[in-house]
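Asks: For the protein sequence lines, the chains are A and B, in the order given.
Numbering follows the numbering used here, with no gaps: position 1 of the first sequence is 72.
Numbering follows the numbering used here, with no gaps: position 333 of the second sequence is 404.
2 protein chains.
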Amino acid sequence: MLGLMQDWPLLIPKIIDHAAKQHGTREVVTRSVEGPITRTDYATIRSRALKVAQRLTREGIRAGDRIATLAWNTARHLESWYGITGAGAIYHTVNPRLFPEQIVWIVNHAEDRMVLVDLTFVPLLEAIAARLPSVERYIVLTDTAHMPKTTLKNAVAYEDWIAEADGDFRWLELDERSAAGLCYTSGTTGDPKGVLYSHRSNVLHALAASQIDCLAISANTSILPIVPLFHANSWSIAFSAPMAGAKMVMPGPKLDGASVYELLEAEQVTCTAGVPTVWAMLLQYIEKEQKTFSTLKRLIVGGSAAPRAMIEAFEKRYGVEVIHAWGMTEMSPLGTVCSVKPVVSGLKGEALYDLKVKQGFTPFLIEMKITDDDGKELPWDGKTFGRLKVAGPAVVKAYYRGEGSVLDEEGFFDTGDVATIDSHGYMAITDRSKDVIKSGGEWISSIDLENIACGHPDVAEAAVIGIRHPKWDERPLLVVVQKPERTVDKADLLAFLSSRIAKWWLPDDVQIVSEIPHTATGKINKVRLREQFVDYRLPTAV
Amino acid sequence: MLGLMQDWPLLIPKIIDHAAKQHGTREVVTRSVEGPITRTDYATIRSRALKVAQRLTREGIRAGDRIATLAWNTARHLESWYGITGAGAIYHTVNPRLFPEQIVWIVNHAEDRMVLVDLTFVPLLEAIAARLPSVERYIVLTDTAHMPKTTLKNAVAYEDWIAEADGDFRWLELDERSAAGLCYTSGTTGDPKGVLYSHRSNVLHALAASQIDCLAISANTSILPIVPLFHANSWSIAFSAPMAGAKMVMPGPKLDGASVYELLEAEQVTCTAGVPTVWAMLLQYIEKEQKTFSTLKRLIVGGSAAPRAMIEAFEKRYGVEVIHAWGMTEMSPLGTVCSVKPVVSGLKGEALYDLKVKQGFTPFLIEMKITDDDGKELPWDGKTFGRLKVAGPAVVKAYYRGEGSVLDEEGFFDTGDVATIDSHGYMAITDRSKDVIKSGGEWISSIDLENIACGHPDVAEAAVIGIRHPKWDERPLLVVVQKPERTVDKADLLAFLSSRIAKWWLPDDVQIVSEIPHTATGKINKVRLREQFVDYRLPTAV
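#1: With 9 Å as the limit, tell me which residues of the region 402-426 of chain B have their beta carbon closer than that to any beta carbon of chain A; keep them in chain order.
#2: Taking only beta-carbon atoms, is B/Phe240 less than 8 Å away from chain A?
#3: Please list, in chain order, all residues of the same chain as B/Cys525 whose beta carbon is under 6 Å from its beta carbon, the five residues on each side excluded.
#4: Relative to the C-alpha of A/Gln355, which candidate in A/Glu333, A/Ile371, A/Gly328 has its C-alpha closest?
#5: Quick check on DSSP: helix, strand or coil for A/Pro204?
#6: Round the Cβ separation of B/Thr156 and B/Pro84 to the nearest angstrom and send it over; I've been treating them as touching at under 8 Å.
#7: When you compare the CB of A/Tyr471 with every CB in chain B, is at least one pair closer than 8 Å?
#8: Go ahead and pull the three-state DSSP assignment for B/Arg601.
#9: Under the assumption that B/Gln16 contacts A/Gly482 (Cβ atoms under 8 Å), give the Cβ distance between them as a whole number of angstroms.
#10: Mind pulling the alpha helix (DSSP H) runs of 4 or more residues that sit fully within the region 139-210 of chain A?
#11: Could you work out which residues of chain B lie near A/Pro464, taking near to mean beta carbons separated by less than 7 Å?
#12: What are the residues of the region 474-503 of chain A that lie near chain B, defined by any Cβ-Cβ distance shorter than 8 Å?
#13: The beta strand (DSSP E) that contains A/Leu418, what's its start and end?
#14: Quick check: A/Met498 and A/Phe432, are their CB atoms within less than 8 Å of each other?
#15: Determine which residues of the region 87-107 of chain B have a Cβ less than 9 Å from any Cβ of chain A, and write them out in chain order.
#16: In three-state terms, what does DSSP make of B/Met218?
#17: By Cβ distance below 7 Å, which residues in the same chain neighbour B/His495 in space, the five residues on each side in sequence not counted?
#18: Quick check on DSSP: helix, strand or coil for B/Thr348?
#19: Decide if B/Trp514 is buried, meaning its Cβ has at least 16 other Cβ atoms within 10 Å, or exposed.
#20: What beta strand (DSSP E) runs, 3 residues minimum, are completely inside the region 297-333 of chain B?
#21: Tell me, to the nearest whole angstrom, how far the beta carbon of A/Met321 is from that of A/Val123; I am working on the premise that it is less than 8 Å.
#22: Using the rule of at least 16 other Cβ atoms within 10 Å of the residue's Cβ for burial, across every protein chain shown, is B/Glu401 buried or exposed?
#23: Does B/Ile394 have its Cβ less than 8 Å from a Cβ in chain A?
#24: Across which residues does DSSP place A/Val461 in a beta bridge pair?
#25: On a CA-only basis, which of A/Arg472, A/Asp502, A/Val467 is nearest A/Asp479? Give me that one, please.
#26: From what residue to what residue does the beta strand (DSSP E) around A/Asp502 run?
#27: Start and end of the beta strand (DSSP E) containing A/Val551?
#28: Taking the beta carbon of A/Trp543 as the centre, do at least 16 other beta carbons fall within 10 Å, making it buried, or is it exposed?
#29: Opposite B/Phe432 in the DSSP bridges: which residues?
#30: Using a C-beta cutoff of 8 Å, does A/Pro248 count as contacting chain B?
#31: Name the residue from A/Leu426, A/Thr140, A/Pro404, A/Ala376 whose alpha carbon lies nearest to the alpha carbon of A/Ser410.
#32: Once the 5 residues before and after B/Glu448 are set aside, which same chain residues still bring their CB inside 6 Å of it?
#33: Tell me the DSSP bridge mates of A/Lys264?
#34: Would you identify the three-state DSSP class for B/Ala591, choosing helix, strand or coil?
#35: For B/Glu474, which of B/Val393, B/Glu172, B/Lys264 has the nearest alpha-carbon?
#36: Tell me which residues share the same chain as B/Asp112 and place their Cβ nearer than 7 Å to its Cβ, disregarding the 5 neighbours each side in the sequence.
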């Protein structure tokens, strides 16, 4: 027997409808790509999104068509998403920091019909446009005055383009499971993989994300998403902020410490979200300039693990609560958030920061488990680590034009991370599963070893990889770069490590190199590193 | 094109699964029907709910079957809902305060197969059980020691009943639109109407309800729902509290000021929710006993309009923020919540309380509009009033075994209320649409007139009804009860009114009566009142 409640599909444009009705005058402030600070509101954003939808429809864009965006966080970029999804099309966010070859691959794989592009990236696209046959038109996110001369096909300034529409449009009525967004993951190996969000998944994810123990977004929040819209829906803020009627402060292209600080203060921002690199820049700036925060209360940090010293600096010196979060493109992206539950609220000092460096616990709508290689569930004891697997309505089941389901028999997606979960439900990432060292049936975290090695006064950078071993399958090799004018003594370094780890975790050897290879996003490139050591034999492998 | 996110249905038992995993030791405290305070937690509640589901299934209960509950707010009542819905059945909450005849009608209409009943209501059921042929078994929510001798068919003590199950059960896999809950509205006219909630509607409603600008429920909340589980899902708290991992404090049968106050303090309650009558009792108690609140921060008031003096008393004298809310059984039930948006955050003193007596604004997932009798939308200007209509995934589209859709062409449900909505989106109920007086095409609020008349020093109670008028269709008649030892002078009372309202709102006559009829729930019974004045003719009707 079915219930008798309304058939009211969870569609993305309903978010901006709600924002326009209930929070119509709430501001969206942008540091524009052209330079000046611009101000708009949700009612205006909705009326312009209607024009985008109308314009797309007139140009023959139909339900399911892909529209790429290469753009910073701005009000125009935001409204374009509501317009695109309202026309039934799919916003496909392209990370402009990718190599041009990757962008060509991704746009062709997605078969994007149009590209919305910020001024910044026009030259980048001009250089590759000849190899993007599916693209019929380029919309430059600017006005007539700033429109550059360009070779891009059928190029038009966004403001001119939407000026031709009157906004007399009704959002398409769609199945809530319809595709709405597309974002490719850029792994270190293999081709990028497309994650195809639905209207339903984005709406549900935003409802979960705005909860108090997640991003805690309300009508009274002023939020500055530094995390880009092209980075997995800016961690849902593109949806959860309008849903709650929060003020949005969009940083545009300027993410340096001074520019971010200026916006935080001028726009009375209460919450901001981004990756550790950005916070390191901000921290450096405020320390140097001896500034303080007058309105900022919460800082969400994710994308990669937040250093403990950074968390402590913001909390102790500046009174800003730091919330560590974890997720991935495949999860829309939020997975866990490290809010403080009552069961651990008594923690003080070091113990509190032992907790805060963990990635946190799942909100409702996300399930997680850790398993061994055979899929057997492992205990939540804070020590045992295993493959981290997740399930939920905003988690992928398959990749776009991929090879079918990527789920296990219980419907869980393998994150590729290795993690512990403690008895209170707090998860901590220990390693990537392809990087963990499998020694005699037990797992050793390469990341833990690297972090400890970096604490040695002579070490500038450290990387740990597994090397084949006849008895133990794999054993850890520690690769280090020396600090300028320092010399690493292998025995001393191993002694330093052995006082801090279990004996069987101790690397079998230390190799000193002049440089460790990195990926485009600055992470250690372990694939390359393993290639460099492909012929290396451990001294213990006899 | 459909998205590629997981098919993860929104099912109620997933809420208690999440609570047990992530907030397993979080307490649920009950003032039991037997007397003592009892303590349990979400992990235990889930394991017991599994036993309930297993037991129901063994006794032949199948998906879609209805199980009635006549019970106070207790942990047992709560866990039974998760067990019932986990077995695919439907919890049917019966309001034990209804007349026995109404209970007979409702249980027969629902064709309940079992009844879970608190000790308090065993005698009530014994008196009517012979007329409840669909009921196969009665489960008394108690243990062996407290089990009474009873004539109820196949009666068993709940603790004995679930002790026979080992909890080795998997929740039924259901379509998320499956029926999960049933609650009848008890109108003043006609038969009760059954609202059939689905798993989806209850889960979505809980996600909306827990948002900061609604109930604001987090893992750190300790919430005392005085609003009964049989009163439209206790305003979602039965779902939103476990979803967030909030501590629940269940008041059982004792709702007097002293008992409620004792629990608020002993259990460090931060938020509580209930109808104005309960808060009046609490206020009276703390004023008399000169108490204060040491942990209570927020008090949610709904069910009927909260008197301004009550709101001011809690906020000004006791530092407890009062949040006015409005909803109805047909809305799961939350419709609007009167949180303070930034656009009105500058309001102070009288102007702030002018806002706080309004019913508030809609969260995402609820749409509202006001229309005239022809369905034409009316402006949000805070003055124009019209029929209040709502839409959303947790709003009814039809009644159980009713006559099909109750929605207008745009999919909106007519609440039966008349309201204004101001330019900031705040809704204020002006009247019931059947009570509003339609004079010459314009509407006059009976409630506004009653409230003003009650401010006159000689008036104990006032009611306004519309009387047929040859020229204006209807004109208002004011019916009053005098205060003891006071005499109402008609001319003086009308003069009092005329200085406070538009001229054309002035009642055409005043009638003094010794008593005004009331409904079972204490509201003015205007149906009866109109019957009493059926032969009355207005002096102006010439």
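The beta-carbon is built from N, C-alpha and C at its ideal position, and this holds for glycine as well.
Replies: Taking the geometry as given:
#1: Those residues of the region 402-426 of chain B placed with their C-beta closer than 9 Å to a C-beta in chain A are Ser403, Ser410, Val411, Lys412, Pro413, Val414, Ser416, ordered along the chain.
#2: Here residue 240 of chain B is taken as the residue at index 169 of the second sequence, counted from 1. It does not; no Cβ of chain A falls within 8 Å.
#3: On the second sequence, residue 525 of chain B is found 454 positions in, with the first residue counted as 1. Excluding sequence neighbours, B/Cys525 sits near Ala533.
#4: One-based indexing of the first sequence puts residue 355 of chain A at position 284. Closest option to A/Gln355, Cα to Cα, is A/Gly328.
#5: Mapped onto the first sequence, residue 204 of chain A falls at position 133. Per DSSP, reduced to three states, the secondary structure at A/Pro204 is coil, with no helix or strand assignment.
#6: As a first step, residue 156 of chain B must be located in the second sequence, where it is residue number 85. As a first step, residue 84 of chain B must be located in the second sequence, where it is residue number 13. Confirmed, about 6 Å.
#7: One-based indexing of the first sequence puts residue 471 of chain A at position 400. Using a CB distance cut-off of 8 Å, A/Tyr471 counts as an interface residue toward chain B.
#8: The count along the second sequence starts at 1 and reaches residue 601 of chain B at position 530. Here B/Arg601 carries a helix assignment [DSSP, helix/strand/coil].
#9: Residue numbering for chain B in the displayed model covers 72 to 613; residue 16 of chain B lies beyond these limits and cannot be assessed.
#10: When DSSP assignments are scanned along the region 139-210 of chain A, the uninterrupted stretches of alpha helix (DSSP H) that are 4 or more residues long and fall wholly within it turn out to be 146-157, 171-181, 193-199.
#11: The residue labelled residue 464 of chain A in the question sits at position 393 within the first sequence. By Cβ distance, chain B contributes Met76, Gln77, Trp79.
#12: Answer set for the region 474-503 of chain A: Leu478, Gly482, Phe484, Gly496.
#13: Along the first sequence, one-based indexing puts residue 418 of chain A at 347. Counted as a single uninterrupted DSSP element, the stretch harbouring A/Leu418 is not any beta strand (DSSP E), since DSSP gives it neither H nor E.
#14: For the purposes of this step, residue 498 of chain A is identified with residue 427 of the first sequence, where counting begins at 1. For the purposes of this step, residue 432 of chain A is identified with residue 361 of the first sequence, where counting begins at 1. With respect to A/Phe432, A/Met498 sits close: the two C-beta atoms are nearer than 8 Å.
#15: Answer set for the region 87-107 of chain B: Asp88, His89, Ala90, Lys92, Gln93, His94, Gly95, Thr96, Arg97.
#16: Against the second sequence, residue 218 of chain B aligns to sequence position 147. Coil, per DSSP.
#17: Translated into positions along the second sequence, residue 495 of chain B becomes position 424. Cβ within range, chain order: Lys412, Val414, Val415.
#18: Taking the first residue of the second sequence as position 1, residue 348 of chain B is located at position 277. The answer is helix: DSSP assigns B/Thr348 an H, G or I state.
#19: Mapped onto the second sequence, residue 514 of chain B falls at position 443. B/Trp514 should be labelled buried.
#20: If you keep only unbroken beta strand (DSSP E) runs of at least 3 residues inside the region 297-333 of chain B, you get 318-321.
#21: In the first sequence, the residue the question calls residue 321 of chain A occupies position 250. In the first sequence, the residue the question calls residue 123 of chain A occupies position 52. The distance from the Cβ of A/Met321 to that of A/Val123 is about 17 Å, inconsistent with a contact at the 8 Å cut-off.
#22: Translated into positions along the second sequence, residue 401 of chain B becomes position 330. By the 10 Å Cβ count, B/Glu401 comes out buried.
#23: Start at 1 with the first residue of the second sequence, and residue 394 of chain B comes out as number 323. Chain A, which has no Cβ nearer than 8 Å to the Cβ of B/Ile394, makes this no.
#24: One-based indexing of the first sequence puts residue 461 of chain A at position 390. Partner(s): A/Met439, A/Phe484.
#25: Translated into positions along the first sequence, residue 479 of chain A becomes position 408. The shortest C-alpha to C-alpha distance from A/Asp479 to any of A/Arg472, A/Asp502, A/Val467 is the one to A/Val467.
#26: What you label residue 502 of chain A is simply residue 431 of the first sequence in a count that begins at 1. For A/Asp502, the uninterrupted beta strand (DSSP E) segment begins and ends at 498-503.
#27: By one-based count along the first sequence, residue 551 of chain A stands at place 480. Its beta strand (DSSP E) spans residues 544-553.
#28: Here residue 543 of chain A refers to the residue found at position 472 of the first sequence. Buried: at least 16 other Cβ atoms inside 10 Å.
#29: Position 361 of the second sequence, counted from the start, is the residue given in the question as residue 432 of chain B. Answer by DSSP bridge pairing, in chain order: B/Val408.
#30: Here the question's residue 248 of chain A lines up with position 177 in the first sequence. A small correction: the amino acid at residue 248 of chain A is Arg; Pro does not occupy that position in the sequence shown. By this cut-off, A/Arg248 is an interface position.
#31: Here residue 410 of chain A refers to the residue found at position 339 when the first sequence is read from its first residue. Ranking the options by Cα distance to A/Ser410, first place goes to A/Leu426.
#32: Counted from its first residue, the second sequence places residue 448 of chain B at position 377. Spatial neighbours of B/Glu448 in its own chain (CB-CB distance under 6 Å, excluding positions within 5 residues in sequence) are listed in chain order as Lys440, Thr442.
#33: As a working mapping, residue 264 of chain A is identified with position 193 in the first sequence. Bridge partners of A/Lys264 according to DSSP: A/Thr256.
#34: Counting from 1 along the second sequence, the entry for residue 591 of chain B is found at position 520. Here B/Ala591 sits in coil by DSSP.
#35: As a first step, residue 474 of chain B is located in the second sequence; it is residue number 403 there, counting from the start. Checking every option, the nearest Cα to that of B/Glu474 belongs to B/Lys264.
#36: Translated into the one-based positions of the second sequence, residue 112 of chain B becomes position 41. The answer, listed in chain order, is Gly95, Thr96, Arg97, Glu98, Val99.
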